[in-house]
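Encoded as structure tokens, the structure appears first; notes follow it.
Numbering (this note's numbering), first residue to last: 609 to 839.
Shown next as structure tokens:
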């Protein structure tokens with residue numbers, strides 16, 4: 609396998625058949641940040657592995673077409689990708705069985721965002737640390753116009769964006785270091801920044817998503833948000 613470079617987002621294969629669990633794990637892992645590919649069973653997972661190099665597998669222990677550890681058995685000769693199991697079983701025997709099968713960790717469901725992120729960071733190659741780009745413009749008019757196609761539409765969405773931003777800024781600042789509390793606001797803000805062309809703020813948001821406990825990342829976010837609010 610050719611390992612992914614640390615300059616790109618790490619690639620994660622999520623194997624989970626329950627739609628609610630899959631949506632939670634996908635969104636939580638994406639916020640790490642990571643690129644997440646979701647499959648619902650072993651057959652889909654094997655097809656994904658055959659065509660894509662992943663940095664980590666996150667595999668449900670019980671799937672519609674078999675046990676999660678059989679994915680490791682089938683792939684051992686070709687892949688050395690670390691794999692984390694997640695299971696609702698809470699007995700030591702089940703955990704020991706999964707570890708003996710080759711999983712590097714076993715996570716018990718339900719689990720929180722912080723616990724998932726901690727496990728992923730132990731196993732994933734994370735992008736090299738960087739600081740938010742303060743040289744980006746507060747407003748990228750050309751980018752917003754390209755996204756929305758109409759000057760009046762851009763102006764209207766920017767007004768709405770600026771009305772909502774103080775509340776988002778306050779909630780994110782108050783939740784400093786609490787990934788779960790910041791998650792929803794950061795994701796919504798990253799998307800809306802792209803539409804309205806708030807380039808500097810979008811970069812600061814992405815940096816904070818990557819380093820939620822970094823005081824410098826929070827400081828850069830607050831500065832970028834304040835600049836947009838005051839503009």
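Ideal placement from N, C-alpha and C gives every residue a C-beta, glycine not left out.
Nearest candidate by alpha-carbon position, reference residue i, set the options
i	options	result
residue 827	767, 815 and 837	815
residue 744	836, 787 and 627	836
residue 675	650, 793, 658 and 661	650
residue 670	781, 706 and 641	706
residue 648	656, 642 and 812	656
residue 634	710, 750, 795 and 747	795
residue 699	793, 714, 763 and 681	714
residue 793	779, 637 and 719	779
residue 658	639, 689, 641 and 631	689
residue 783	771, 753, 772 and 822	822
residue 818	834, 790, 679 and 773	790
residue 642	708, 724 and 678	724
residue 679	695, 787 and 653	653
residue 829	781, 712, 838 and 644	781
residue 712	719, 697, 693 and 720	693
residue 774	625, 838 and 695	838
residue 721	786, 646, 626 and 771	786
residue 709	681, 625 and 753	681
residue 771	834, 754, 644 and 695	834
residue 732	758, 644 and 624	644
Bridge partner(s) assigned by DSSP for residue i
i	result
residue 666	622 and 692
residue 647	623
residue 787	Per DSSP, none; premise fails for residue 787.
residue 676	BP columns for residue 676 are empty, so no partner.
residue 671	674
Neighbour-count burial assignment, residue i, 16 or more Cβ in a 10 Å radius
i	result
residue 704	exposed
residue 672	exposed
residue 768	exposed
residue 660	exposed
residue 628	exposed
residue 820	buried
residue 825	buried
residue 800	buried
residue 798	buried
residue 923	The question about residue 923 has no answer, for the chain in this structure spans 609 to 839.
residue 857	Here the chain covers residues 609 to 839 and nothing more, so residue 857 does not appear.
residue 766	buried
residue 637	buried
residue 777	buried
residue 701	exposed
residue 832	buried
residue 812	buried
residue 730	exposed
residue 639	buried
residue 736	Low confidence applies to residue 736: its pLDDT is 49, below 50, so where it sits in the model is not reliable enough to give any reading.
residue 631	exposed
residue 691	buried
residue 593	Residue 593 falls outside the range modelled here, since the chain spans only 609 to 839, and no answer is possible.
residue 754	exposed
residue 752	buried
Within-8 Å CB hit, residue i to chain C
i	result
residue 663	This model lacks chain C altogether, as it is built from one protein chain only.
inquiry  = Contact between the segment 617-632 and the segment 659-671 is defined here as three or more beta-carbon pairs at a separation below 8 Å; is this criterion met?
reply    = The answer is yes - the segment 659-671 touches the segment 617-632, with three or more Cβ pairs under 8 Å.
inquiry  = If contact is defined by three or more beta carbon pairs under 8 Å, each pair taking one atom from either stretch, is the segment 761-776 in contact with the segment 797-812?
reply    = Segment contact: the segment 797-812 against the segment 761-776, three or more CB-CB distances shorter than 8 Å; contact assigned.
query = Which ranges does the beta strand (DSSP E) cover as unbroken runs of at least 3 residues, wholly within the segment 706-736, from first to last along the chain?
reply = As far as the segment 706-736 is concerned, its whole beta strand (DSSP E) runs of at least 3 residues are 713-716.
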